[in-house]
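Numbering (this note's numbering), first residue to last: 7 to 620. Using N, Cα and C, we set each Cβ at its ideal position, and we do this for glycine too. The structure presented is a predicted model; accordingly, all values stated were derived computationally and were not measured. Please read the structure below before turning to the comments.
Given below as structure tokens:
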């Protein structure tokens, strides 16, 4: 993964400037660049952070502040927050967001110039608790408070937000808003006391650092802190502070905003995210996010399914390097549909290769989502390899069953042409020269024998599943050729009505042929007194409908409900697998089978399959 990018002038100048750390991020928080000293300060290598989310290294309590800061308009007011080191400690930083300009006038990147305020390894240069001072200092603060209240009552007392003024951390003034916020019963009791009485211990060091900056006349950023009210209750507050001068003395002007409700709501959202993440990580199915054809997220089940040792072996890799080539075009169309139509889409069957070269069969669901504000697809991938193996075993079992059932018909199929051949050969013995015209008939019958034997062998032997473009009409004609004589022996006429239009489908020809054989044989078995079988095709709305209608005894309603169940059969010597296998084959070809039946009238099976799009 590359971590050297072409930097805009603003970023180049920033890196040269005296800042502790420089980070360039997208407006959605994706890290594009981080200065080389990130390992020295945070303990992370650049490769660990580039193209990841900034929130990954932000203190949980500060994420809402930073999100709000990102989505607001660019401002000169700095923001103060904590960043996590690789050792799980936190460093306080202050930053201002600076948009990185583009020729279009719009900006999609933001530069963070980070100034380090405090880190755990720093020695405490001063005691956290500021001494309340001597009696004379206390009297001075009380006098200043009264003086300030008298001169600025409208500006301060009636301000719609809590205000506290301190001098080196000692309270010299609190307006009514601050008194109410902190549940102070007597304002005068706290004049001259340390502001640290109200601030939770974990924030003392950074507050001391901010106080030093304010005394030097420097501005400080917005910060979120936990304060303790006079009644002992803890509240979350957003703190803004600026340096102030009054009678040539320096003070800290502090504005508070109670954000307890907002933080509680944020905690609810955060817990909801955590629950969702736990569900995703603990799912037995693979859950992943695909962005620009690359894996950008994958859970533990996905790592295991692809035989990877860690996420790094998967993230950033192109999905098509894992996907079987025969499924490439289908998956491209699948992703396009999810992105364009913004709806959940199912994709019944595809195969992948793991990092160890093993083949995995899956089915997946695509759900529209976003990745750093851009369209992406979340996929839920279920490993169905065991199911596919079981289905293949059942298909092979059904093939052998069909081959056995066809044996009698095959004997008739072969005997009839052989009889014709023998008869004509006998005629040759009488007058060889005069009977040459019978050669065509002999070769025709031999070709028929060859075709029938080929169909039987093709049906009986196991073959690899291969999807190709095949004409449905051709398959139907071949199947009818195979079964026609068997039907005639039972006084059954097979009628083909094929619509003269393109009928190409993407399929495994042998499997579709097996479905057609199953349905025609069922129709033959259902007509013990003879009759007609009608096979029709119709093209509509990008799909082809193939119907098989017989004039048999029909299917009772209580039996209709169980059609397709494994091992359910009404035949004395049936396996109960034929229709179940047929249903599975059609489903794996993204098709459907419908059945309509009237007792003593007959049954119609209708197959719907998608045509090849031209």
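#### Entry: C-alpha gap between residue 51 and residue 57, whole angstroms
Stepping through the chain shown from its first residue, residue 51 is reached at position 45. Stepping through the chain shown from its first residue, residue 57 is reached at position 51. C-alpha separation (whole angstroms): 13 Å.
### Task
Return the chain-ordered list of same chain residues with a C-beta closer than 6 Å to the C-beta of residue 293, the five sequence neighbours on each side being excluded.
Here the question's residue 293 lines up with position 287 in the chain shown. Only 286, 305, 386 meet the Cβ criterion.
### Query
What is the DSSP secondary structure of residue 617, reduced to helix, strand or coil?
Here residue 617 is taken as the residue at index 611 of the chain shown, counted from 1. Reduced to three states, the DSSP call for residue 617 is strand.
### Query
Which residues bound the beta strand (DSSP E) around residue 44?
For the purposes of this step, residue 44 is taken as the residue at position 38 of the chain shown. Taken as a continuous stretch (DSSP letters only), residue 44 belongs to no beta strand (DSSP E), being part of the alpha helix (DSSP H) at 44-48.
#### Entry: Neighbourhood of residue 542 by C-beta, 6 Å cutoff - its chain only, sequence neighbours within 5 removed
Here the question's residue 542 lines up with position 536 in the chain shown. Here the set comprises 503, 553.
### Query
Hey, residue 2 and residue 240 are a contact pair by Cβ (cut 8 Å); roughly how many whole angstroms apart?
Residue 2 lies beyond the stretch modelled for the chain, which goes from 7 to 620, so this question has no answer here.
### Message
What would DSSP say about residue 182, mapped onto helix, strand or coil?
### Response
Position 176 of the chain shown holds residue 182. Reduced to three states, the DSSP call for residue 182 is helix.
### Query
Would you call the segment 307-316 and the segment 89-100 touching, i.e. three or more CB-CB distances under 8 Å?
no
### Task
Kindly indicate which three-state DSSP category residue 601 falls into: helix, strand or coil?
What you label residue 601 is simply residue 595 of the chain shown in a count that begins at 1. DSSP places residue 601 in strand when its eight states are reduced to three.
### Message
Using CA atoms only, rank isn't needed, just tell me which of 120, 589, 223 is closest to residue 27.
### Response
In the chain shown, the residue the question calls residue 27 occupies position 21. Cα-wise, what sits closest to residue 27 is 120.
### Query
First and last residue of the alpha helix (DSSP H) that includes residue 532?
Mapped onto the chain shown, residue 532 falls at position 526. 515-532 is the span of the alpha helix (DSSP H), which, as asked, contains residue 532.
### Message
Is there a Cβ of chain C sitting closer than 9 Å to that of residue 501, yes or no?
### Response
The structure shown contains no chain C; it holds only a single protein chain.
### Message
Run through the DSSP bridge pairs and tell me what residue 121 is partnered with.
### Response
Counted from its first residue, the chain shown places residue 121 at position 115. Per DSSP, 100.
### Query
Hey, how far is the Cα of residue 95 from the Cα of residue 216?
Here residue 95 refers to the residue found at position 89 when the chain shown is read from its first residue. Here residue 216 refers to the residue found at position 210 when the chain shown is read from its first residue. So the alpha carbons of these two residues sit roughly 20 Å apart.
### Message
Could you compute how far the alpha carbon of residue 487 sits from the alpha carbon of residue 519?
### Response
As a first step, residue 487 must be located in the chain shown, where it is residue number 481. As a first step, residue 519 must be located in the chain shown, where it is residue number 513. Roughly 12 Å between the two C-alpha positions.
### Message
Going residue by residue through the segment 192-237, where are the continuous beta strand (DSSP E) segments of at least 3 residues, counting only ones entirely within it?
### Response
229-234
#### Entry: Cut-off 6 Å between Cβ atoms - residues of its own chain near residue 180, not counting five sequence neighbours on either side
Taking the chain shown and counting its residues from 1, one reaches residue 180 at position 174. Within the same chain, residue 180 has close Cβ partners 170, 193.
### Query
Does DSSP classify residue 396 as helix, strand or coil?
In the chain shown, the residue the question calls residue 396 occupies position 390. Helix at residue 396.
### Message
Cutting at 8 Å between CB atoms, please list the residues of its own chain near residue 255, excluding the five before and the five after it.
### Response
Counting from 1 along the chain shown, the entry for residue 255 is found at position 249. Excluding positions up to five away in sequence, the list reads 173.
### Message
If you reduce the DSSP assignment to three classes, tell me which class residue 563 lands in.
### Response
Within the chain shown, numbered from 1, the residue matching residue 563 stands at position 557. DSSP places residue 563 in helix when its eight states are reduced to three.
### Task
Spatial neighbours of residue 92 within its chain, please: CB distance less than 7 Å, with the 5 preceding and 5 following residues excluded, ordered by chain position.
Taking the chain shown and counting its residues from 1, one reaches residue 92 at position 86. Around residue 92: 48, 49, 50.
### Query
Can you tell me the Cα-Cα spacing of residue 238 and residue 281, whole angstroms?
Counting from 1 along the chain shown, the entry for residue 238 is found at position 232. Counting from 1 along the chain shown, the entry for residue 281 is found at position 275. When rounded, the distance between both Cα atoms is 32 Å.
### Rounded separation between residue 589 and residue 515 - CA only
Working through the chain shown from its first residue, we reach residue 589 at position 583. Working through the chain shown from its first residue, we reach residue 515 at position 509. Going by the C-alpha atoms only, they are around 15 Å apart.
### Identity of the residues DSSP links to residue 586 by a beta bridge
Residue mapping note: residue 586 aligns to position 580 of the chain shown, counting from 1. Answer is none; residue 586 lacks a bridge partner.
### Whole-angstrom distance between residue 483 and residue 507, CA atom to CA atom
Taking the chain shown and counting its residues from 1, the one referred to as residue 507 is at position 501. Taking the chain shown and counting its residues from 1, the one referred to as residue 483 is at position 477. Using only the alpha carbons, I get a separation of about 15 Å.
### Query
Given that a residue counts as buried once 16 or more other Cβ atoms are within 10 Å of its Cβ, and exposed if not, what is residue 137?
Within the chain shown, the letter at position 131 stands for residue 137. Because the pLDDT of residue 137 is 45, which lies under 50, any placement of that residue in the model is unreliable, and the question is left without a value.
### Query
When you compare only the Cα positions, how much space is there between residue 55 and residue 273?
Your numbering for residue 55 matches position 49 in the chain shown. Your numbering for residue 273 matches position 267 in the chain shown. So the two alpha carbons sit approximately 25 Å from each other.
### CA-to-CA distance, residue 213 to residue 88, given in whole angstroms
As a first step, residue 88 must be located in the chain shown, where it is residue number 82. As a first step, residue 213 must be located in the chain shown, where it is residue number 207. When rounded, the distance between both Cα atoms is 13 Å.
### Task
Please classify residue 328: does DSSP put it in a helix, a strand, or coil?
On the chain shown, position 322 is the one that residue 328 refers to. In the structure shown, residue 328 sits in coil (DSSP, three-state: anything other than H, G, I, E or B).
### Message
Using C-beta distances below 6 Å, list every residue in its chain close to residue 104, excluding the 5 sequence neighbours before and after it, in chain order.
### Response
As a first step, residue 104 must be located in the chain shown, where it is residue number 98. Correct list, in chain order: 117.
### Query
Relative to the C-alpha of residue 205, which residue among 489, 242, 222 is closest?
Residue numbering aside, residue 205 sits at position 199 when the chain shown is read from its first letter. Nearest C-alpha to residue 205: 242.
### Runs of alpha helix (DSSP H) lying entirely within the segment 469-517, each at least 4 residues, in chain order
478-495
### Task
Could you tell me if residue 601 is buried or exposed, where buried requires 16 or more neighbouring beta carbons within 10 angstroms of its beta carbon?
To locate residue 601, count along the chain shown from 1; it is residue 595. Looking at its Cβ environment, which holds fewer than 16 other Cβ atoms inside 10 Å, residue 601 is exposed.
### Task
Kindly identify the DSSP beta-bridge partner or partners of residue 89.
As a position in the chain shown, residue 89 is number 83, starting the count at 1. According to DSSP, residue 89 bridges with 64, 97.
### Query
Near residue 668, what residues of its chain come up, given a Cβ to Cβ distance below 6 Å and the 5 sequence neighbours on each side ignored?
Here the chain comprises residues numbered 7 to 620, so residue 668 is not present and cannot be evaluated.
### Query
Rounded to whole angstroms, how far is the Cβ of residue 296 from the Cβ of residue 228, which I believe are closer than 8 Å?
Locating residue 296 in the chain shown gives position 290, counting from the first residue. Locating residue 228 in the chain shown gives position 222, counting from the first residue. With 8 Å as the limit, residue 296 and residue 228 do not qualify as a contact, their Cβ atoms being about 37 Å apart.
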